[in-house]
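Numbering (the numbering used here), first residue to last: 539 to 1046.
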């Protein structure tokens, strides 16, 4: 019985929680405790998905498909497959961590913060479960609003400017996405993803190739900005610098990369193949650029923003190689980076709470005073570097090994990014925790990791290890979905080649 409504429950429990938060009095930590309870309940509900998922079965599962608006034809169609399932669980897992990270950091306007935070949770979950593309677009746009408001309200120095920059960078390409969706509706008569995919696979030759190309580009532009793909990353460092930790944890990566896989590869395989050389080049440039800029950063928030550009560019590389192994690696790396990236942001936030600065130059020699914090920093950093037995290694290895067979030169260049990643991450650890103690550390004794912080970070650290040594458990579900997707792209390439060869022979 729960299977029939589980996706609606997962999506809208945070919304129900937000409504209750709006009604709660501002008294003590009541709002924080209630929000934590809501996020824990949401996470518990997401665990129903992998527990009852039919592994090895194709298509979408846990579907809910109801008529909603007759004209234009918009349905309430939800469903998941191996591409989206673990991303939903990831959002559920990160929710309680974000609340715990905000426990002391958000001391004023707590009702407004947690209300918008829970609405943001619904928006992200809605993106992953929606199979009606208009419904998807509604959740996609909704995800921009709480983020922009919270950045403006809680920014360190230039919150409103960063919020405007974020909104303009992401909203304008999203308008192009809406135009593309309306064009598809005009041709297919439906916003349903499954029906649209079937129509395009059977009738793509009847549609103008140039029009399909521009529509696919409109989709890709909206998604690439949200990743962000180089050189569309101009908003990220400002947003990371200003956003509260809970928002910085969700601002980049998973929504854009998931949407590229779902829509660009799912609806426009031929157009994705055509633009793949450019996307691979931009991915490798992003890997090297992000690493080199991170090497010279002193502000921890800007440091992690450029590190994010580099790490997420690996995912873009894996996606546009169109191999099953590469797609497995890209999706697994999304999970890895979101987990490890969230942990490092929480750790940076803890330092800021204690010392009031993100300037690396002011730190030094903290390992002897804060051994538990140093240990968690090292584990998280090694995960982001991609140390074997930790989660980051699996995703990067799958991506690089698959891309080398298809694009050996680009793959070789991307491998340099792994070396540079180790350089800037270990440099950061050296500056913060080792060497001579700085005046800031000497003059301001602070406590080590406390129970609340450990409750957020230790499960994440354990999961980094488990995902490193037991990756087949996650990849089993992913593989079943991406195999069909890779086959679709490959078959479309073969079909295009078979169509072109007879035409050339006929002309001769």
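All residues carry an ideal CB built from backbone N, CA and C; glycine is no exception.
All figures in this text were calculated on a predicted structure; none of them were measured in a lab.
**Report entry** When 869, 765, 776 are compared against residue 701, the one with the closest alpha-carbon
**Finding:** For the residues 869, 765, 776, the minimum Cα distance to residue 701 belongs to 776.
Query raised in the report: On the three-state DSSP scale, how would you describe residue 700?
Result: Of the three classes helix, strand and coil, the one that applies to residue 700 here is helix, per DSSP.
Query raised in the report: Which term fits residue 754, buried or exposed, when burial requires 16 or more other beta carbons within 10 angstroms of its beta carbon?
Result: So residue 754 counts as buried.
Query raised in the report: Taking the alpha-carbon positions, what's the residue 729 to residue 913 distance?
Result: When only Cα atoms are considered, residue 729 and residue 913 end up about 49 Å apart.
Query - For residue 690, three-class secondary structure by DSSP - result: Here residue 690 sits in helix by DSSP.
**Report entry** Runs of beta strand (DSSP E) wholly within the region 589-654 (minimum 3 residues, chain order)
**Finding:** Fully enclosed beta strand (DSSP E) runs of 3 or longer: 599-607, 612-618.
Query raised in the report: Can you name, in chain order, every residue of its own chain whose Cβ lies under 7 Å from the Cβ of residue 896, other than the five neighbours on each side?
Result: So the list reads 837, 838, 839, 886, 890, once near-sequence residues are dropped.
**Report entry** Where residue 875 falls, given that 16 or more other Cβ within 10 Å makes a residue buried
**Finding:** Buried, since its Cβ has 16 or more Cβ neighbours within 10 Å.
Query raised in the report: Given residue 942, which residues of its chain have a CB within under 7 Å of its CB, disregarding the five upstream and five downstream residues?
Result: Around residue 942: 949.
Query raised in the report: Can you tell me the Cα-Cα spacing of residue 779 and residue 842, whole angstroms?
Result: If I take the Cα positions, the gap works out to 9 Å.
Query - Cβ-based burial, residue 804 [other Cβ within 10 Å; buried from 16] - result: It is buried - the Cβ of residue 804 has at least 16 other Cβ atoms within 10 Å.
Report task. Select from 611, 584, 956, 705 the residue whose C-alpha is nearest the C-alpha of residue 726. Result -> Nearest neighbour of residue 726 by Cα position, chosen from 611, 584, 956, 705, turns out to be 611.
**Report entry** Cβ contact check for the region 690-710 and the region 585-603: 3 or more pairs under 8 Å
**Finding:** No, the region 690-710 is not in contact with the region 585-603.
Query raised in the report: What is the DSSP secondary structure of residue 668, reduced to helix, strand or coil?
Result: The DSSP-derived three-state label of residue 668 is strand.
Query raised in the report: With a Cβ-Cβ cutoff of 8 Å, do residue 613 and residue 606 count as a contact?
Result: Closer than 8 Å, so yes.
Query - Strand pairing of residue 897, partner residues [DSSP] - result: Looking at the DSSP output, residue 897 bridges to 837.
**Report entry** Selection from 1024, 561, 659, 772 that minimises the alpha carbon distance to residue 799
**Finding:** For the set 1024, 561, 659, 772, the Cα lying nearest the Cα of residue 799 is the one of 1024.
Query raised in the report: Using DSSP with H/G/I as helix, E/B as strand and the rest coil, what is residue 986?
Result: DSSP places residue 986 in coil when its eight states are reduced to three.
Requested in this report: Determine the closest residue to residue 826 out of 801, 811, 852, with distance taken between C-alpha atoms.
Outcome: Proximity to residue 826 across 801, 811, 852 peaks at 852, based on C-alpha coordinates.
Query raised in the report: For residue 659, which of 620, 719, 881, 581 has the nearest alpha-carbon?
Result: It is 581.
Query raised in the report: With distances taken from CA atoms, which of 643, 665, 634, 630 is nearest residue 615?
Result: Ranking the options by Cα distance to residue 615, first place goes to 665.
Report task. Measure from the alpha carbon of residue 1048 to the alpha carbon of each residue in 993, 921, 904, then state which is nearest. Result -> Nothing can be reported for residue 1048: it is not among the residues displayed for the chain, which extend from 539 to 1046.
Requested in this report: Could you work out which residue in 963, 954, 926, 979 is closest to residue 1003 when comparing CA atoms only?
Outcome: The residue among 963, 954, 926, 979 with its C-alpha nearest the C-alpha of residue 1003 is 926.
Report task. Can you grab the Cα-Cα spacing for the pair residue 626 / residue 663, in whole Å? Result -> Between residue 626 and residue 663, the C-alpha separation is close to 6 Å.
Report task. Can you say whether residue 868 is buried or exposed, counting buried as having 16 or more other CB atoms within 10 angstroms of its CB? Result -> Classification of residue 868: buried, given that the 10 Å Cβ count is 16 or more.
Requested in this report: Evaluate the contact criterion for the region 763-770 versus the region 642-658: three or more CB pairs, one atom per stretch, below 8 Å.
Outcome: The region 763-770 is not in contact with the region 642-658.
Query raised in the report: Can you name, in chain order, every residue of its own chain whose Cβ lies under 8 Å from the Cβ of residue 1044, other than the five neighbours on each side?
Result: With a pLDDT of 39 at residue 1044, under the threshold of 50, the modelled position of that residue is not reliable, and no figure is offered here.
Requested in this report: Use the C-beta contact count for residue 604: other C-beta atoms within 10 angstroms, 16 or more gives buried, fewer gives exposed.
Outcome: Residue 604 is exposed by the Cβ-count criterion.
Query raised in the report: Is any heavy atom of the ligand COA found at a distance shorter than 7 Å from the C-beta of residue 649?
Result: In terms of ligand content, the structure shown is empty, and the ligand COA therefore cannot be addressed.
Query raised in the report: Can you name, in chain order, every residue of its own chain whose Cβ lies under 8 Å from the Cβ of residue 716, other than the five neighbours on each side?
Result: Only 675 meet the Cβ criterion.
Requested in this report: Determine the closest residue to residue 994 out of 883, 922, 934, with distance taken between C-alpha atoms.
Outcome: Ranking the options by Cα distance to residue 994, first place goes to 883.
Report task. Could you please give me the residues that DSSP links to residue 542 through a beta bridge? Result -> The partner list for residue 542 (beta bridge, DSSP) is empty, contrary to what the question assumes.
Query raised in the report: Where does the unbroken alpha helix (DSSP H) through residue 567 begin, and where does it stop?
Result: First-last for residue 567: undefined, no H or E at that position.
Query raised in the report: How far does the alpha helix (DSSP H) with residue 946 in it reach, from first residue to last?
Result: Counting along the chain, the alpha helix (DSSP H) containing residue 946 begins and ends at 946-971.
Requested in this report: Look up residue 730 in the DSSP assignment and give the residues it is bridged to.
Outcome: Bridge partners of residue 730: 670.
Requested in this report: Reducing DSSP to helix, strand and coil, say where residue 905 ends up.
Outcome: Looking at residue 905 - three-state DSSP - the assignment turns out to be coil, as it is neither helix nor strand.
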